[in-house]
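Following the working numbering, the numbering of the sequence shown begins with 300 at its first residue and continues without gaps. Every residue, glycine too, gets a C-beta built ideally from N, C-alpha and C.
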Amino acid sequence: MSARPRQVVTRNSMGWASEALNVIGERFVHFSAGCGEAPVLDIGAAYGVASLAALRAGARVIASDIDPEHLRILESRAEPEDRQRLRLKAGRFPRDLAFDPESLGAVLASNVLHFLTGKQLETGLRLIAGWLGPGGKLFVHASTPYQAPFAAFVPEYERRLASGLRWPGWIEKTGAWSRHRKLSVMPASIHLLDDMVLRRAVQSVGLEVEESFLYRRADLGHGLAMDGRESVGLVARKLTA
Ligand SMILES: C[S@@+](CC[C@H](N)C(=O)[O-])C[C@H]1O[C@@H](n2cnc3c(N)ncnc32)[C@H](O)[C@@H]1O
């Protein structure tokens, strides 16, 4: 029997939702358990791998996704005793989300930021920094260019990095750089990030980066492995005044 945790393709062909927490999801859940009355937000929650675990840990969770059907499935998977601490928010981040200033204990964006342009990412990070209460934390997990399907893009990425481009990982047409056999489940445009680019973007909205690292997630999809730098994880904190 394979030990590889399952990944489920999203209803809207927006990649695969993991059924196992990645290391950033684990940190989010652990931190969320201590957030008390302050809700925590899961952006691009899909079927709820992180939201459901945070609920089970006792957190108040706002699960958000562009696809309302994902959220309906997520809700149906929640334990009855956890449902009163679950809020669903359908909509596209950052455009459709609004929360009171300093009202959230934590925010998770796992495998969702690659759908955003640099400008949307900047807007979104600025909003998150405003929504987090003092001491609240942002948790990010994202894809890097260092994946087998994007091997042909890596030299171009490094050239862009060296030239100082702000968003070197933005690929307007995914198909122009990748011939992955599951290209149809990948976004038409994709934003690949790394630890330094993400760190700079998060610092620029005033959050303190606690850690930012490249690694290979345990449930990396079949055929994606390259050199151990396939994913990026980041944890950042809102400073107390
Ligand atoms: C690849 S899945 C990731 C699911 C889960 N967070 C994980 O780490 O496995 C991406 C999810 O983000 C949602 N999504 C894509 N773009 C979004 C956006 N701009 N705002 C909110 N949700 C979005 C998709 O519907 C999908 O459910």
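Identity of the residues DSSP links to residue i by a beta bridge
i: V308; result: W315
i: V534; result: F438, E510
i: K388; result: S363
i: A408; result: I342, V439
i: H490; result: W469
i: L403; result: L431
Residues near residue i by beta carbon distance below 7 Å, same chain, minus five either side
i: R303; result: Low local confidence applies: a pLDDT of 42 at R303 is under 50, so the model's placement there is unreliable, with the coordinate-based value given in what follows. Here the set comprises D518.
i: M300; result: Since pLDDT at M300 reaches only 34, below the 50 mark, its modelled position is unreliable, and the value read off the structure follows with that caveat. Result list for M300: empty, nothing under 7 Å.
i: L412; result: L420, V439, A441, H490, L492
i: V504; result: L424, R425, A428
i: R528; result: T443, Y445, L513
i: M525; result: Y445, Q446, A447, A450
C-beta atoms of residue i and residue j nearer than 7 Å
i: D341; j: S350; result: yes
i: G272; j: L403; result: As shown, the chain starts at 300 and ends at 540. That puts residue 272 outside it, with no answer to give.
i: K388; j: S363; result: yes
i: V328; j: A344; result: no
i: R384; j: L354; result: yes
i: G432; j: A358; result: no
i: E507; j: L538; result: yes
i: R516; j: N321; result: yes
Chain-order list of residues whose beta-carbon lies under 6 Å from that of residue i (same chain, five-residue window excluded)
i: V406; result: L340, I427, L437
i: S477; result: P448, F449
i: A422; result: For the record, residue 422 in the displayed sequence is Thr; it is not Ala. Closer than 6 Å at Cβ, skipping near neighbours: P393.
i: I372; result: Y346
i: R391; result: I365
Contacts around residue i, its chain only, beta-carbon distance under 8 Å, and the 5 residues preceding and following it disregarded
i: P400; result: G429, W430
i: R310; result: D366, E368, H369
i: L523; result: Q446, A447, P448, E529
i: W466; result: T416, G417, L420, H490, V496
i: L510; result: Position check: residue 510 holds Glu in this sequence, whereas Leu was assumed. Taken in chain order, the residues that qualify are G532, L533, V534.
i: P486; result: M313, G314, H413, F414, T473
Supposed contact pair residue j and residue i - C-beta distance, whole angstroms, cut 8 Å
i: V348; j: A316; result: 7 Å
i: L533; j: L497; result: 5 Å
i: A540; j: V501; result: In fact, because the Cβ distance is near 19 Å, the residues do not count as touching under 8 Å.
i: E325; j: V307; result: Contact flag wrong, Cβ pair sits at about 19 Å.
Is it a yes or a no for the region 440-452 touching the region 488-497, going by three-plus beta-carbon pairs under 8 Å? Taking one beta carbon from each stretch, the region 440-452 and the region 488-497 have 3 or more pairs nearer than 8 Å; the two touch.
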